[in-house]
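Residue numbering for the sequence shown follows this note's numbering, starting at 1 and increasing by one per position. By construction, the Cβ of each residue, glycine as well, lies at the ideal position given by its N, Cα and C atoms. The structure presented is a predicted model; accordingly, all values stated were derived computationally and were not measured.
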Amino acid sequence: MKNSGRSFILKVQKDHRIFFKQHKTDGVKKRIQYLKKLKKLLDKKEASIMDALFLDLRKPAFESYTSEVLMVQKELSLLIKNIKDWAAPKRVSGSLLSFPSQDFIISEPYGTVLLISPWNYPFQLAMIPFIGAIAAGNTAVLKPSESAPHTAQIIEKILMEVFPENWVKVIQGDVTVGEALLKYQWDYIFYTGSTHVGRIVAKAAAEFLTPTTLELGGKSPCVVDGTTPIQKTARRIIWGKFLNCGQTCIAPDYILVKKDHKDDLIKALIQEIEKAFGPDAKKSDDYGRLIHNKHFDKLKKDLHNENILFGGNMDRESLYFEPTLVNEPAMDSRLIEDEIFGPILPVLSYQTEEDLDLVLSKLKNPLAFYIFSSSKKFINNLIKKYSFGGGVVNDTVIHFSNTNLPFGGIGTSGNGSYHGKYSFDIFTHAKPLVKRPFWFDLPQRYAPYPKSLKFLKFLLKKL
Ligand code: NAD
């Protein structure tokens, strides 16, 4: 049966709905038991996962471990430890009109969740939301990215070894499979990928009024006012930018540096690139590759006619693209208008706050926002003035690794956030429930209502 075919998808949905309705995902003990099983298998398959990431993106082992495998294992441990507490009904205080009552919030799973994931961190961006969906008591259908086929394969193998097919199903395939899945009604959709496809997902979900979380892209600025140690600033920017060959949704997309410090920063950035990847990044084991030819061609086009300060070498056959710095691209250039999502880092400069505002207001709602400054006033002004998914002061990217922080975008960079408790919450309907005895009723509540509101106001003031 074709996995984009109507009968195939409807059969998967039917099986999942039956499994869910039979309360087979209800038991917290059972969820914990399966997540523990998953954790054990992941530990066992760690090397194969890292091999797959190498084959798909030539990810250095250190990056694969820290930014993919470890993050998933940490998420699993956190959820396993806390599900029981998070899933338990929460007692809250009652209201005057319902007195006396017992008021609760019940954590109810949505049902059958569809997860669609991208290729850049193909393991963790599929697995972390998946773990949240299962921990919350849903069934899950996961479509990993076709552009990272080795990782998609190992994800399917692992999940199918742990979960029964009517609880978890991995459906592999390209855009046509994604489009086919969106034709049918799901109880929740979690999508990670481009803003363009995010709109398609949102439209499809709206057809059924299905709730969604959209984790999208955007242009994340890195503002440098020159008041921080320049070498360390450069090192932290280079690390966040060229991790995974620049294919990180929260990588600094461009730098905005105070004019007087631009030359020093560029010098330091070049030194840090060479320190990290040697004189020829092509020979470095610590530098990844682009995902595919299409992305290579896009980035090559982005660079056309630009003023290259450093780098610019590339090789289509091996998908190598050198860490590249570009000087002041025009505001209507491809590098500024589109998300770069690769190892090209434009350096723009500003003199006044108005200059800064011109750029930051044009490229609004970024997924991440980075500020390098030692001035509290400058930092606070920027944080207050601009809206962004998440931010870091004096570093880049690291907010992603803290499971106590919600991760997500705003506006065109997405909506809804996850990680840790936030993952559990997004896949859970908070169902309020009020239980009342019969021994007391506020008589004024019933018609015919009192003609004067005096007594009610007196009571409200007392309580
Ligand atoms: P993409 O949107 O092309 O694809 C992502 C997934 O969507 C894939 O599984 C793909 O098969 C599927 N898909 C593509 N077109 C579809 C359609 N019409 N209908 C249904 N499914 C479809 O994104 P990508 O190229 O894989 O990822 C790059 C983008 O993702 C960048 O913009 C990046 O910033 C963003 N991203 C965001 C986050 C985040 O957490 N916010 C994380 C990683 C990547």
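- Here V113 is bridged, per DSSP, to A140, Y188.
- Every beta strand (DSSP E) stretch that sits fully inside the segment 306 to 366 and reaches 3 residues is listed by chain position as 308 to 310, 324 to 327, 344 to 350.
- Within the same chain, and ignoring the five residues on either side of Y121 in sequence, the residues whose Cβ sits closer than 8 Å to its Cβ are S67, E68, N244, T248.
- At least one heavy atom of ligand 1 sits closer than 8 Å to the Cβ of E215.
- Collapsing the DSSP output to three states places Q172 in coil.
- Proximity of the beta carbon of P149 to ligand 1 is not indicated: no heavy atom of the ligand is located closer than 8 Å.
- At a cut-off of 8 Å, the beta-carbon of F130 does not count as near ligand 1: no heavy atom of the ligand is closer than that.
- When DSSP reads this structure, H292 sits in no beta bridge, so it has no partner.
- The continuous beta strand (DSSP E) containing L433 extends over residues 428 to 435.
- The residue among T352, P329, E354 with its C-alpha nearest the C-alpha of P346 is P329.
- Here the distance from the Cβ of V197 to the nearest heavy atom of ligand 1 is below 8 Å.
- Y446 is classed as exposed because its beta carbon has fewer than 16 other beta carbons within 10 Å across all chains shown.
- The closest heavy atom of ligand 1 lies 8 Å or more from the beta carbon of T212.
- Here the distance from the Cβ of W119 to the nearest heavy atom of ligand 1 is below 8 Å.
- Annotated three-state conformation of F104 is strand, per DSSP.
- Relative to ligand 1, the nearest heavy atom lies less than 8 Å away from the CB of L182.
- Taking the C-beta atoms as reference points, F190 is found nearer than 9 Å to I116.
- Around the C-beta of T176, fewer than 16 other C-beta atoms lie within 10 Å, and the residue is accordingly described as exposed.
- For Y449, no alpha helix (DSSP H) encloses it, and the DSSP letter there is neither H nor E.
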